[in-house]
Amino acid sequence: MLTGEVFVREGLITREQLLLAEAKQEELGGSDPIARVLVSMGLVPERDRVRCLGKVWGIGFLDVTDVTPTPEALELIPQTLAKKFKILPISVDESKLIVAMANPLDVFVIDELRMVTGREIEPHIAVEEELDQAISGQYRNDARVSDAVAGVMRDFDGDLSISAAEDDDLSENELREMGEDAPIIRLANLIVSQGVQDKASDIHIEPRKDGILVRYRIDGVMHETFRLPKKVLAPLTSRFKIMSNMDIAEKRTPQDNRITASVNGKEFDFRVSTLPVVFGEKIVMRILDKGGINVGLSKLGFLPHNHKLIEDMSSRSFGIILVTGPTGSGKSTTLYSILNKINDGSNNIITIEDPVEYELSGINQCNVNNRAGMTFAAGLRAMLRQDPDVIMVGEMRDNETATIAMEAALTGHLVLSTLHTNDAASAPTRLIDMEVEPFLISSSIVGVLAQRLVRQICPNCKESYTASKESLVRFGFPLPHDVAVDTNGEITLFKGAGCDKCKGTGYKGRTGVHELMSMNDPIRDEILKKSPSHIIRHLAVENGMLTLQMDAVLKILMGTTTVDEVLRVIYA
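With the first letter of the sequence shown counted as 1, position 90 gets the number 328 in this note's numbering; the numbers rise by one all the way through.
So this is what it looks like as structure tokens:
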């Protein structure tokens with residue numbers, strides 16, 4: 239059995255932290271294993287939990303993100319079997335097959351593998367989420383897309399080049415028949431599944447003069463994945479319209495709807511949008527993991543000072559916490575992470591979102607429905623009659639919603655919401671522009687978090703280099719006074735050289751850059767005076783706030799991200 243003592247012996251936690259986790263375990267009814275509680279509290283990473291579990295069982299741990307299976311091993315285990323049993327074959331010789339498993343104690347799976355391969359099985363334990371990704375990635379075959387396109391070509395007769403005029407002349411029945419053709423269905427499914435495997439946030443299908451460009455947004459950056467011949471545009475567009483219940487015959491008006499689909503055994507929502515452009519209809523699909531989001535505050539890239547501050551804010555029983563930033567800056571993920579921390583079973587938590595992006599267990603979530611009169615303001619009023627402890631409002635769009643939310647924060651509710659501003663200090667002035675009363679703003683706000691997402695350096699190809707301190711100062715970076723400088727006046731920085739694991743980009747995954755403003759009396763006084771944001775910002779920095787630029791520089795010096803990435807995101 240995996241006890242908390244293992245983590246203390248490994249030096250991962252202190253005995254005091256173990257006592258806190260045991261108290262939390264009792265609060266939750268004692269049914270959750272202590273290891274799971276430690277992970278949920280952000281004290282122990284999931285990878286260390288699995289590694290320690292392997293030590294207790296006497297089974298080796300495998301980091302599947304840093305190992306390349308041999309082709310001979312992959313050939314022995316079919317992809318369907320690998321996904322079914324959550325196993326990844328690593329290497330093989332004449333008598334033994336080494337596999338990574340989520341549950342290496344499952345003797346039935348090991349027996350079946352022994353029969354399938356004719357070899358003895360040496361199991362290793364691996365993190366289940368990383369294992370799922372590795373299985374999808376290792377068995378991926380880009381040639382399947384080419385095969386699907388070739389199948390489309392073979393299935394049609396003659397020249398398939400359709401001009402814009404001819405495309406417009408196609409009847410609804412003809413478009414539906416084309417969209418329900420087997421090769422087109424296969425091609426559409428592959429485009430979607432490839433996007434999920436590549437961890438794309440959006441899939442773009444763009445008609446060009448000479449063909450169709452399929453691009454994925456991965457880690458916030460667009461990547462061209464492949465090109466398709468122009469002749470498949472009409473049937474492919476029809477296919478996605480059929481999948482999302484759109485009007486197939488309507489080509490001149492933008493449309494949007496949703497698709498719910500299972501990819502590799504996981505439920506996903508796809509928000510589909512069409513837009514008429516010069517050479518056809520552009521399709522964009524936003525990928526949302528319907529099964530939920532498993533992110534804790536400890537995984538969002540908060541520096542220790544900000545991490546403690548946001549945890550203290552989220553433990554308040556009343557007040558409002560605002561998260562600001564542009565679209566795609568991770569605001570929703572941060573709010574869901576705060577909700578996950580608060581969601582201990584002792585609170586009544588209600589959210590109103592447009593739409594609900596991720597399903598959270600134990601939380602009551604509502605969708606905005608403007609046609610039915612379920613606006614943010616109307617939903618918020620109804621929620622206040624449901625005896626809530628914590629309320630999340632997807633976005634403060636108007637005076638009515640903001641005013642109701644702030645009044646709720648003053649009457650004993652913790653309110654979480656988002657706002658579109660460039661930095662934390664601009665949030666109060668933005669609310670004043672929305673004609674919210676300054677006394678409500680100054681009294682209700684607990685803190686404002688501004689954030690951006692930057693790409694992280696790929697750990698597999700990370701390398702160091704030196705740069706002069708003066709060059710960074712010229713860029714405008716606010717370097718800390720105690721930054722380590724060598725005898726030549728140079729600082730050690732890091733970058734990714736580019737490898738197969740990061741597709742040559744030098745980056746893998748993203749992390750947050752934060753600016754967390756906590757309220758104090760001088761800031762409240764300036765809000766009541768309707769002072770401009772630069773005065774509030776100056777007071778916040780005096781109060782200990784790290785600006786986005788300061789936070790980003792610290793992450794450059796830590797080797798988390800690069801100078802180029804910070805220039806692209808923060809200084810753009």
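All C-beta atoms in this analysis are idealised placements derived from N, C-alpha and C, irrespective of residue type, glycine included.
Owing to the predicted nature of the structure, the values given are computational and were not obtained by experimental measurement.
Please report the straight-line C-alpha distance between residue i and residue j, rounded to a whole angstrom.
i, j, result
"GLY747", "MET484", "34 Å"
"MET523", "TYR574", "22 Å"
"THR743", "ARG455", "13 Å"
"VAL674", "ALA372", "50 Å"
"MET551", "GLU415", "56 Å"
"ALA487", "THR475", "11 Å"
"ILE629", "SER756", "20 Å"
"LEU256", "LEU276", "8 Å"
"VAL750", "SER333", "For the record, residue 750 in the displayed sequence is Gly; it is not Val. Using only the alpha carbons, I get a separation of about 47 Å."
"GLY503", "LEU300", "23 Å"
"SER208", "HIS442", "Since the first residue of the chain shown is 239 and the last is 810, residue 208 is not available in this structure."
"LEU654", "VAL606", "16 Å"
"LYS489", "LYS479", "11 Å"
"ALA420", "SER500", "19 Å"
"VAL807", "LEU691", "8 Å"
"GLU418", "VAL516", "25 Å"
"PHE506", "ASN427", "13 Å"
"VAL594", "GLY685", "24 Å"
"ASP331", "ASP286", "30 Å"
"ASN586", "LYS262", "18 Å"
"ILE272", "LEU652", "28 Å"
"VAL452", "VAL801", "29 Å"
"ARG619", "LEU266", "31 Å"
"LEU231", "ILE576", "Shown here, the chain extends from 239 to 810; a query on residue 231 therefore has no answer."
"TYR596", "GLY797", "31 Å"
"CYS740", "CYS696", "6 Å"
If you run the structure through DSSP and keep just helix, strand and coil, what is residue i?
i, result
"ASP395", "In this predicted model, ASP395 has a pLDDT of only 44, less than 50, meaning its place in the structure is not dependable; the value taken from the coordinates is given anyway. ASP395: coil per DSSP, three-state reduction."
"MET279", "coil"
"GLU595", "coil"
"TYR574", "helix"
"PHE464", "strand"
"ALA487", "coil"
"SER431", "helix"
"ASN605", "strand"
"ILE297", "coil"
"MET621", "helix"
"GLU248", "coil"
"ARG524", "strand"
"MET612", "strand"
"ASP304", "helix"
"SER476", "helix"
"GLU415", "helix"
"GLY583", "coil"
"VAL721", "coil"
"ILE422", "helix"
"VAL804", "helix"
"PRO309", "helix"
Rank the options by C-alpha distance to the C-alpha of residue i and give the top, closest one.
i, options, result
"GLY292", "GLY742, ALA338, ASN608 and VAL452", "ALA338"
"ASP671", "PRO770, ASP661 and VAL628", "PRO770"
"ILE450", "ILE576, LYS579 and LYS469", "LYS469"
"GLY566", "GLY433, GLY458, ALA340 and PHE506", "GLY458"
"SER570", "LYS437, ASN586, PHE464 and ASP527", "ASP527"
"SER511", "ILE521, GLY242 and PHE517", "ILE521"
"LEU805", "MET796, PHE713 and GLY797", "PHE713"
"HIS719", "LEU652, VAL684, VAL791 and GLU350", "VAL791"
"LEU335", "VAL347, LEU319 and THR355", "THR355"
"THR572", "SER431, GLY632 and ASN781", "GLY632"
"ALA640", "LEU669, LYS437, ASP625 and TYR745", "LEU669"
"ARG635", "THR659, PRO626 and ARG623", "THR659"
"LEU754", "ARG424, LEU560, ASP494 and PHE508", "LEU560"
"HIS772", "LEU710, THR667, GLU310 and VAL452", "THR667"
"GLY280", "HIS545, LEU618 and VAL684", "HIS545"
"LEU657", "GLU638, SER431 and LEU687", "LEU687"
"PRO283", "LEU312, GLU367, GLU313 and THR725", "GLU367"
- Message: Closer than 8 Å is the cut-off here; do at least three beta carbon pairs connect the stretch 552-564 with the stretch 642-652?
- Response: yes
- Which ranges would you report for the beta strand (DSSP E) in the stretch 326-388 if only whole runs of at least 3 residues count? 334-339 and 358-363
- Query: Do the stretch 701-720 and the stretch 729-739 make contact, defined as three or more Cβ pairs closer than 8 Å?
  - Reply: yes
- Task: Count the C-beta pairs between the stretch 576-590 and the stretch 678-686 that are closer than 8 Å, then say yes if the count reaches three, no if not.
- Result: no
- Task: Please specify which runs of the beta strand (DSSP E), each continuous and at least 3 residues long, are wholly inside the stretch 641-718, giving them in chain order.
- Result: 652-657, 683-695 and 700-706
- alpha helix (DSSP H) runs wholly inside the stretch 734-799, at least 4 long, in chain order: 759-766, 771-780 and 786-795
- Message: Using 8 Å as the cut-off, can you tell me whether the stretch 315-334 makes contact with the stretch 343-351, which would need three or more C-beta pairs spanning the two stretches below that distance?
- Response: yes
- Item | Start-end ranges of the beta strand (DSSP E) lying completely within the stretch 492-566, minimum 3 residues | 493-501, 504-515, 518-527 and 557-562
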